[in-house]
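Throughout, my numbering is defined as the position within the sequence shown, counted from one, plus 164.
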Amino acid sequence: MRILLKGAIIVVALVIQLTLINSFTVLGVKPDFIMVVVVALSLLRGEKEGAITGFSFGLLQDIFSTSLLGIHALAKTVIGFICGIFKEKIFHEHILFIIPVVTFISSFLQSILISLLLSAFGIEYNLTWSLKQIALPEAIYNSLL
């Protein structure tokens, strides 16, 4: 049952990201709904499930986008694992406050990880510009979802 529910969540989140989210672009920035789901599931389920969820979502995001294959999979795996570590350290009564804050931080972390990965593959990527023009607006947007 848990696997079916997780599969359904993945499909629904991916469909939302690939279809509806494009309608919510503000100043050229669109939210990363998949990031919000990875953070929420990781905080609720722990590091193992967080890493698996991050990898699954990230790989599907890579497959259905024009990005370098595996770049989102690796970034979201790391983020899912890190967020999952905090499962036992947070008060679940405050989860609705914690998820937006952790999502904001995770969005920045994802931008830094992607920048480092692109650099490792020899692709030029301006981290400073990306943090100001993409990561900050996207982090704010993601935390509001």
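For each residue, glycine too, the CB sits at the ideal point set by N, CA and C.
This structure is a prediction, so every number in the text was calculated from the model and none was measured.
Looking at the secondary structure, which residues open and close the alpha helix (DSSP H) in which I304 lies?
That run of the alpha helix (DSSP H) goes 300-308.
N306 burial status per 10 Å Cβ neighbour count (16 or more: buried)
buried
What is the C-beta distance between L205 and E213, in whole angstroms, given that I count them as a contact (C-beta under 8 Å)?
7 Å
Beta-carbon spacing of F298, V202 below 8 Å
A small correction: the amino acid at residue 298 is Ile; Phe does not occupy that position in the sequence shown. Contact flag unset, no.
Give the C-beta separation of Q225 and I259 to the nearest angstrom, bearing in mind that I take them to be a contact with Cβ-Cβ under 8 Å.
24 Å between Cβ atoms; not a contact.
Cβ contact (3+ pairs, closer than 8 Å) linking the region 259-268 and the region 221-241:
no
Below 7 Å CB to CB, which residues in the same chain sit around S220 once its five sequence neighbours on both sides are set aside?
I174
Rounding to the nearest angstrom, what Cα-Cα distance links I243 and I180 in this structure?
20 Å
Using the Cβ count rule (16 or more neighbours within 10 Å means buried), how would you classify E302?
buried
From the DSSP output, read off the bridge partner residues of V193.
V190
I174 lies in the alpha helix (DSSP H); which residues open and close that run?
I174 -> alpha helix (DSSP H) spans 166-182.
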